[in-house]
Amino acid sequence: MKPIYDILQRELGAAKVLRDEARLETYARDESGLGPYPPEAAVLADSVEEIQLVLRLADEHDVVVVPRGLGTGMTGGALPIHGGIVLSTERMQKIKEISREDLVAVVEPGVITGVLQDAVEAEGLFYPPDPASLAMCSLGGNVAENAGGPRAFKYGVTREYLIGMECVLMGGTRLRPGRRTSKGVTGYDVVGLFCGSEGTFGVTSEITFKLLPKPQGVALLLAVFADPVRAGEAVSAIIRQGYRPRALEFMDRVSIEHVRPKATYPIPEGAGAVVICELDGDADVLDGAVERCAQACDALGAVEVIIAADEAQRRKLWETRRITSPSLRHAHRYKVSEDICVPRSAIAEMLRRVDTIGAQTDLLMATFGHAGDGNLHVNVLTDEDHHDARVAARIQDALGMLFKDTLALRGTLSGEHGIGIAKKKYMPWEQAPELIDLQKKLKRTLDPKNLLNPGKIFPE
Ligand SMILES: Cc1cc2nc3c(=O)[nH]c(=O)nc-3n(C[C@H](O)[C@H](O)[C@H](O)COP(=O)(O)OP(=O)(O)OC[C@H]3O[C@@H](n4cnc5c(N)ncnc54)[C@H](O)[C@@H]3O)c2cc1C
Numbered sequence: 068m069k070p071i072y073d074i075l076q077r078e079l080g081a082a083k084v085l086r087d088e089a090r091l092e093t094y095a096r097d098e099s100g101l102g103p104y105p106p107e108a109a110v111l112a113d114s115v116e117e118i119q120l121v122l123r124l125a126d127e128h129d130v131v132v133v134p135r136g137l138g139t140g141m142t143g144g145a146l147p148i149h150g151g152i153v154l155s156t157e158r159m160q161k162i163k164e165i166s167r168e169d170l171v172a173v174v175e176p177g178v179i180t181g182v183l184q185d186a187v188e189a190e191g192l193f194y195p196p197d198p199a200s201l202a203m204c205s206l207g208g209n210v211a212e213n214a215g216g217p218r219a220f221k222y223g224v225t226r227e228y229l230i231g232m233e234c235v236l237m238g239g240t241r242l243r244p245g246r247r248t249s250k251g252v253t254g255y256d257v258v259g260l261f262c263g264s265e266g267t268f269g270v271t272s273e274i275t276f277k278l279l280p281k282p283q284g285v286a287l288l289l290a291v292f293a294d295p296v297r298a299g300e301a302v303s304a305i306i307r308q309g310y311r312p313r314a315l316e317f318m319d320r321v322s323i324e325h326v327r328p329k330a331t332y333p334i335p336e337g338a339g340a341v342v343i344c345e346l347d348g349d350a351d352v353l354d355g356a357v358e359r360c361a362q363a364c365d366a367l368g369a370v371e372v373i374i375a376a377d378e379a380q381r382r383k384l385w386e387t388r389r390i391t392s393p394s395l396r397h398a399h400r401y402k403v404s405e406d407i408c409v410p411r412s413a414i415a416e417m418l419r420r421v422d423t424i425g426a427q428t429d430l431l432m433a434t435f436g437h438a439g440d441g442n443l444h445v446n447v448l449t450d451e452d453h454h455d456a457r458v459a460a461r462i463q464d465a466l467g468m469l470f471k472d473t474l475a476l477r478g479t480l481s482g483e484h485g486i487g488i489a490k491k492k493y494m495p496w497e498q499a500p501e502l503i504d505l506q507k508k509l510k511r512t513l514d515p516k517n518l519l520n521p522g523k524i525f526p527e
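Just so you know, the sequence shown maps onto residues 68 to 527 in our numbering.
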């Protein structure tokens, strides 16, 4: 074992430097299902000084470090594929400040996203980014992945709220890029550069977010269509009403059939697609707005349109959408969840192509997601043994076809989950060699020895 681990245990205490196999098991996996990739040690940092110490020693001893939040990443970004140290910020859970006057929150990176949302809402404020994993993912992970969620359609993704941060570079240098003011254009947008860098540029130790006033009211409608094409038209018709829903979600027939047994809302038989539209804003205009969106769905032949009568029903109807991913996972032996994004005008064509891919590869495909911004979660499902070479090849074929079709429709490989190790081999399909080269140069500037989270995003 390298001497760095003894030094770290001496400096930080054995409770913060895990080395035994059983405890390292957690840090060998994330929600991508890839791996396991056990690290040599996991360090549970409590402060920026401890992060600095780890990154300084790792640089001196040429040891790889992989930052980690709460391990809900879907693309393997937190997996130590080259061993070394997993540096976890899971214990850094302080909300340092919520300012109603300045509309900012300052947090440590390990704060759970939903915890910040509840805390700011208790102050009459609003932090919109709402990844479906918000009860179990960290804000440090959200910044690293530039996480989004259903509300991104109206409010944008994590980047829109990230205004300042503290981070530590490999070697231990501490930086504080960004600001605390609502505007500011001093120097390059270094915060923007770090956001979405998947833990390859630095380790985030503090985050400053911009907040909004909490919307006065929220209204939701759920519409069921027999024909998915009509559901797609309903999405466009709702947008044409002139409203900007805060969420505009879609579920296909396969997703619906998986959700049906557990859904608190009795989905009518023969449902081919579900559209959920959530609006927020001034209470006095909301009723009329949601009513007009419901009429647009009716006009397109919806089988059923329900407007939530109260907060309890709103939560119940949302539940139908929230349980989609777990329902698919529990029903099948293996699930790969992709998060392609296509221009909204290409959604119907993309759904048609997904059906074709399923038929050609003999795999079950379920698609749901954020119809408002074209971000579709395409799930490849099988009950066969995915370790079997022939099954694995069919899954790879399906993914290859999916990404080719996505790019052909002028879409992008990832709307919110990032690239990690799961999609790095497809990067040259989307980005030109010059662009990949520029990004690799940036990485080398910040981490010349390639010790911070190596082997991610780009093919090695
Ligand atoms: C059921 C489910 C639903 C999901 N829904 C969504 C969704 O709607 N939208 C969405 O965007 N994502 C979603 N995700 C994916 C995932 O939750 C997000 O990517 C989230 O941002 C990861 O946060 P984490 O704390 O778990 O990070 P981890 O998985 O621990 O790490 C993710 C990446 O962030 C880096 N990282 C973590 N902490 C730091 C830090 N302090 N400094 C530097 N780098 C760091 C890691 O190196 C890694 O590259 C979902 C996941 C699951 C399991």
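Idealized CB from N, CA, C, for every residue including glycine.
TODO: Return the bridge partner residues of K277 from the DSSP annotation.
DONE: Counted from its first residue, the sequence shown places residue 277 at position 210. Note: K277 sits in a beta bridge opposite V171.
TODO: Give a single yes or no on whether G239 has its beta carbon closer than 7 Å to a heavy atom of ligand 1.
DONE: Locating residue 239 in the sequence shown gives position 172, where the first residue counts as 1. Not so, every heavy atom of ligand 1 lies at least 7 Å from the Cβ.
- [ ] Report whether the distance from the Cβ of L137 to the nearest heavy atom of ligand 1 is below 7 Å.
- [x] Position 70 of the sequence shown, counting from 1, holds the residue named residue 137. Flag set: Cβ of L137 near ligand 1.
Task: Host beta strand (DSSP E) of S322 (start-end) - done: For the purposes of this step, residue 322 is taken as residue 255 along the sequence shown, with counting starting at 1. First-last for S322: R320 to V326, but that is the alpha helix (DSSP H), not the beta strand (DSSP E).
Task: Sufficient close CB pairs (3 or more, under 8 Å) joining the stretch 284-297 to the stretch 185-198 - done: Judged by Cβ distances under 8 Å, the stretch 284-297 makes no contact with the stretch 185-198, as fewer than three pairs qualify.
- [ ] Take the Cβ of E273 as the centre, count every other Cβ of all protein chains shown within 10 Å, and call the residue buried at 16 or more, exposed below.
- [x] Sequence index remark: in the sequence shown, residue 273 carries index 206 (1-based). Flag for E273 reads buried.
Open item on the list: Given a cut-off of 8 Å on the beta-carbon distance, is the pair V370 and P335 in contact?
Closed with: Locating residue 370 in the sequence shown gives position 303, counting from the first residue. Locating residue 335 in the sequence shown gives position 268, counting from the first residue. Yes, these two residues count as a Cβ contact at 8 Å.
Open item on the list: Less than 7 Å between C-beta atoms, sequence neighbours within five positions excluded: which residues of the same chain meet that for Q119?
Closed with: Sequence index remark: in the sequence shown, residue 119 carries index 52 (1-based). Same-chain partners within the cutoff: V235, G239 and R241.
Task: P70 burial status per 10 Å Cβ neighbour count (16 or more: buried) - done: Against the sequence shown, residue 70 aligns to sequence position 3. Exposed is the call here.
Open item on the list: So the candidates are T139, A112, F292 and A108; which of them puts its Cα closest to the Cα of V131?
Closed with: Mapped onto the sequence shown, residue 131 falls at position 64. Checking every option, the nearest Cα to that of V131 belongs to A108.
Task: Among I74, M237, V291 and P244, nearest to F268 - alpha-carbon criterion - done: Position 201 of the sequence shown, counting from 1, holds the residue named residue 268. Of the residues I74, M237, V291 and P244, the one whose Cα lies closest to the Cα of F268 is M237.
- [ ] For the beta strand (DSSP E) containing V210, list its first residue and its last residue.
- [x] Stepping through the sequence shown from its first residue, residue 210 is reached at position 143. Note, V210: premise wrong, no beta strand (DSSP E); alpha helix (DSSP H) at L206 to E212.
TODO: Counting only the same chain and skipping the five closest in sequence on each side, list residues whose C-beta sits under 6 Å from that of C408.
DONE: In the sequence shown, counting from the first residue as 1, residue 408 sits at position 341. Within the same chain, C408 has close Cβ partners G441, N442, G478, T479 and G482.
Task: Neighbour-count burial assignment, P134, 16 or more Cβ in a 10 Å radius - done: Taking the sequence shown and counting its residues from 1, the one referred to as residue 134 is at position 67. Flag for P134 reads buried.
Open item on the list: Less than 7 Å between C-beta atoms, sequence neighbours within five positions excluded: which residues of the same chain meet that for D197?
Closed with: If you number the sequence shown from 1, residue 197 lands on position 130. The answer, listed in chain order, is G216, P217 and R218.
Open item on the list: Excluding the 5 residues flanking A396 on each side, which residues of the same chain have their C-beta closer than 6 Å to its C-beta?
Closed with: In the sequence shown, residue 396 corresponds to position 329, counting from 1. At residue 396 the sequence reads Arg, which differs from the Ala that was named. K402, listed in sequence order.
TODO: Taking only the alpha-carbon atoms, compute the straight-line gap between P515 and S264 and give it to the nearest angstrom.
DONE: On the sequence shown, position 448 is the one that residue 515 refers to. On the sequence shown, position 197 is the one that residue 264 refers to. It is roughly 16 Å from the alpha-carbon of P515 to the alpha-carbon of S264.
Open item on the list: What does the Cβ neighbour count give for E358, buried or exposed, with the cut at 16 atoms within 10 Å?
Closed with: The residue given as residue 358 occupies position 291 in the sequence shown. The residue in question, E358, is exposed, as its Cβ has fewer than 16 Cβ neighbours within 10 Å.
TODO: Can you grab the Cα-Cα spacing for the pair P521 / G144, in whole Å?
DONE: Within the sequence shown, residue 521 is the residue found at index 454, counting from 1. Within the sequence shown, residue 144 is the residue found at index 77, counting from 1. Whole-angstrom Cα-Cα distance: 10 Å.
TODO: Tell me whether M417 counts as near ligand 1, meaning its Cβ is closer than 7 Å to at least one heavy atom of that ligand.
DONE: Counting from one through the sequence shown, the residue named residue 417 turns up at place 350. No, ligand 1 has no heavy atom inside 7 Å of this Cβ.
Open item on the list: Three or more C-beta pairs under 8 Å: does that hold for the stretch 334-350 against the stretch 294-302?
Closed with: Yes: at least three Cβ pairs fall under 8 Å.
Task: Sequence-distant residues of its chain with Cβ nearer than 6 Å to L367 (five each side left out) - done: Numbered from 1 along the sequence shown, position 300 holds the residue referred to as residue 367. Excluding sequence neighbours, L367 sits near R297, E300 and A301.
Open item on the list: Quick check on DSSP: helix, strand or coil for S303?
Closed with: Locating residue 303 in the sequence shown gives position 236, counting from the first residue. In the structure shown, S303 sits in a helix (DSSP, three-state: H, G or I).
Task: Which listed residue (I152, A314, D185 and M232) has its alpha carbon closest to that of L124 - done: Taking the first residue of the sequence shown as 1, we reach residue 124 at position 57. Measuring from the Cα of L124, the nearest candidate turns out to be I152.
Task: Nearest-angstrom Cβ-Cβ length linking I414 and A438, presumed shorter than 8 Å - done: Translated into positions along the sequence shown, residue 414 becomes position 347. Translated into positions along the sequence shown, residue 438 becomes position 371. Rounded, the Cβ-Cβ distance is 6 Å, consistent with contact.
Task: D347, enclosing alpha helix (DSSP H) - first and last residue - done: For the purposes of this step, residue 347 is taken as residue 280 along the sequence shown, with counting starting at 1. No alpha helix (DSSP H) holds D347; the beta strand (DSSP E) holding it covers A340 to G348.
Open item on the list: For the beta strand (DSSP E) containing E92, name the first residue and the last one.
Closed with: As a first step, residue 92 must be located in the sequence shown, where it is residue number 25. Per DSSP, E92 belongs to no beta strand (DSSP E) and is neither H nor E.
TODO: Output yes or no for whether 8 Å exceeds the beta carbon distance between T156 and E98.
DONE: If you number the sequence shown from 1, residue 156 lands on position 89. If you number the sequence shown from 1, residue 98 lands on position 31. Going by C-beta atoms, T156 is not nearer than 8 Å to E98.
Task: Simplified DSSP state of G425, which is helix, strand or coil - done: Residue 425 sits at position 358 when you count from the first residue of the sequence shown. In the structure shown, G425 sits in a helix (DSSP, three-state: H, G or I).
Task: Cα-Cα separation, E233 to Y493 - done: Taking the sequence shown and counting its residues from 1, one reaches residue 233 at position 166. Taking the sequence shown and counting its residues from 1, one reaches residue 493 at position 426. Taking C-alpha positions only, E233 is separated from Y493 by approximately 32 Å.
Task: Bounding residues of the alpha helix (DSSP H) (the contiguous stretch that carries T387) - done: Your numbering for residue 387 matches position 320 in the sequence shown. Taken as a continuous stretch (DSSP letters only), the alpha helix (DSSP H) holding T387 covers E378 to R389.
Task: Where C262 falls: helix, strand or coil (DSSP) - done: Mapped onto the sequence shown, residue 262 falls at position 195. Coil.
Task: Range of the contiguous alpha helix (DSSP H) that encloses V252 - done: For this step, residue 252 is matched to residue 185 along the sequence shown. For V252, no alpha helix (DSSP H) run applies, since DSSP gives it neither H nor E.
Task: Segment limits, alpha helix (DSSP H) that includes P195 - done: Translated into positions along the sequence shown, residue 195 becomes position 128. Note, P195: premise wrong, no alpha helix (DSSP H); not H, not E.
Open item on the list: Quick check on the burial criterion: 16 or more other C-beta atoms within 10 angstroms. Buried or exposed for R461?
Closed with: As a working mapping, residue 461 is identified with position 394 in the sequence shown. R461 should be labelled buried.
Open item on the list: Does D406 come out as helix, strand or coil in the three-state DSSP assignment?
Closed with: Counted from its first residue, the sequence shown places residue 406 at position 339. Of the three classes helix, strand and coil, the one that applies to D406 here is strand, per DSSP.
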